[in-house]
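Residue 54 is where the sequence shown starts when you use the working numbering, and the numbers rise one by one after that.
I have placed the structure first, in the form of structure tokens, so that the comments after it can refer back to it.
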Amino acid sequence: MTHVIVLGNEKGGSGKSTAAMHLVVALLKSDARVAAIDLDLRQRSLSRYIENRRKFNEINNLSLEFPVTPTVEPSDLDSREESRRQETERFTSTLQALADCDFVVIDCPGANTHLSRLAHLHADTIVTPLNDSFVDFDLLARLDPETSKVAGPSLYSEMVWLARKHRAHTGVPGGIDWVVMRNRVSATKARNKRKMAERLEDLSSRIGFRLARGFGDRVIYRELFPMGLTLLDLGGRNAPVRLSTMSHVTARLEIRSLVASLNLPVPEERAAPSQQDVAA
Ligand SMILES: Nc1ncnc2c1ncn2[C@@H]1O[C@H](COP(=O)(O)OP(=O)(O)OP(=O)(O)O)[C@@H](O)[C@H]1O
Ligand SMILES: [Mg+2]
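Shown next as structure tokens:
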């Protein structure tokens, strides 16, 4: 069974592509078969990240791991109905063709597009990175301006709620696991950090997400993009780049902690090749 992980948040710049790339590489390093779909065809950050990785791998004669990278083109048909039908067909046939992958990681744009909604409808796990700011929090929930208490769900939460409702109707076993992770958490600003933590705790039980340990605000996340590397590629004797500071080591722990908290299914053992296969 292919497990679909969707990185989503309508707020731009929350860390979806960065988290997607780290998840893809973490899963590849656990020997899983992974596909990466970039639905942000305007920015193409995840695709560019993987292209950079291919170049870096080639130039340095390395043997880095790579996901399968199918593309799902948005429709350019004029009629909204026709264009949605075409995108649905493109999206579902791409997913069907990935049936032999253990995981499909889908990076969504920071906007509410039809393809992004489709991805959410097919998600087993939704990961929502959230910048540590109440401006970003506003996409998840409205806060009462007087009491600062959570007053109700917001745009993005309603989209996830619809995806969950849709899944319940389709009879697919298991619900959608929604995990929110704080991103770019500052090492200082203790007061804001505490307030965000309180509001998120309050919200998580009300709209049904789990909170995972997020990522700190670290320059290394930005520096690795041109090489196509992730923190999981650093360190070790044969690593292309060394883990050089305590901050890098902590960042790598953050990634591992995120992956562990997703409680992803362990891929089934690959069937051992038969004698016939070996002879062929
Ligand atoms: N933990 C972090 N520490 C420092 N910089 C970060 C961190 N996470 C992401 N960034 C940087 O923040 C910017 C936005 O990140 P990213 O592109 O992953 O967000 P996004 O949600 O995919 O954005 P968009 O909605 O535009 O697709 C990038 O420059 C990225 O390198
Ligand atoms: Mg992105």
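For glycine and all other residues, C-beta sits at the position ideal for the given N, C-alpha and C.
Own chain partners of residue i with C-beta closer than 7 Å, once the 5 adjacent residues on each side are dropped
{"i": "S210", "result": "L193, A194 and I260"}
For residue i, the nearest candidate out of the options (CA to CA)
{"i": "V59", "options": "R133, L115 and V213", "result": "V213"}
{"i": "F268", "options": "N236, T283 and R86", "result": "N236"}
{"i": "V77", "options": "G281, L130 and D131", "result": "G281"}
{"i": "V158", "options": "R309, V57, R97 and E135", "result": "V57"}
{"i": "A85", "options": "D131, S116, D93 and C154", "result": "C154"}
{"i": "P226", "options": "A265, K108, D177 and R244", "result": "D177"}
{"i": "S67", "options": "S98, T55, M54 and A79", "result": "S98"}
{"i": "C161", "options": "L196, R107 and A89", "result": "A89"}
{"i": "Y334", "options": "L315, R275 and A152", "result": "Residue 334 lies beyond the stretch modelled for the chain, which goes from 54 to 333, so this question has no answer here."}
{"i": "A164", "options": "S83, T298, D93 and L264", "result": "D93"}
{"i": "P123", "options": "Q149, R137, S116 and L130", "result": "Q149"}
{"i": "R106", "options": "V294, K202, S300 and L130", "result": "V294"}
Rounded distance between the beta-carbons of residue j and residue i, thought under 8 Å
{"i": "F262", "j": "W231", "result": "4 Å"}
{"i": "V180", "j": "A72", "result": "6 Å"}
{"i": "R266", "j": "L317", "result": "Actually they are not in contact, since the Cβ atoms of R266 and L317 sit about 16 Å apart, beyond 8 Å."}
{"i": "K246", "j": "D197", "result": "Between D197 and K246 the Cβ distance is about 21 Å, and since that is not below 8 Å, they are no contact."}
{"i": "G288", "j": "L296", "result": "4 Å"}
Residue burial classification, residue i (beta-carbon count within 10 angstroms, cutoff 16)
{"i": "P44", "result": "Not covered by the structure: residue 44. The range shown for the chain is 54 to 333."}
{"i": "H75", "result": "buried"}
{"i": "F187", "result": "exposed"}
{"i": "V272", "result": "exposed"}
{"i": "P182", "result": "buried"}
{"i": "I112", "result": "exposed"}
{"i": "L285", "result": "buried"}
{"i": "A298", "result": "In the sequence on display, residue 298 carries Thr and not Ala. When all chains shown are included, T298 counts as exposed."}
Beta-carbon contacts of residue i that lie in its chain and below 6 Å, excluding the five residues immediately before and after
{"i": "H219", "result": "L174"}
{"i": "A305", "result": "Here residue 305 turns out to be Arg, not Ala, going by the sequence shown. Counting only Cβ-Cβ distances below 6 Å, and skipping sequence neighbours, we find L284."}
{"i": "D255", "result": "V203"}
Sequence-distant residues of its chain with Cβ nearer than 8 Å to residue i (five each side left out)
{"i": "E140", "result": "V125, P127, S128, H167, L168 and L171"}
{"i": "L81", "result": "V87, E118, F119 and P120"}
{"i": "E135", "result": "S128"}
{"i": "A240", "result": "G269 and D270"}
{"i": "A130", "result": "Before going further, note that residue 130 is Leu rather than Ala in the sequence given. S136 and Q139, listed in sequence order."}
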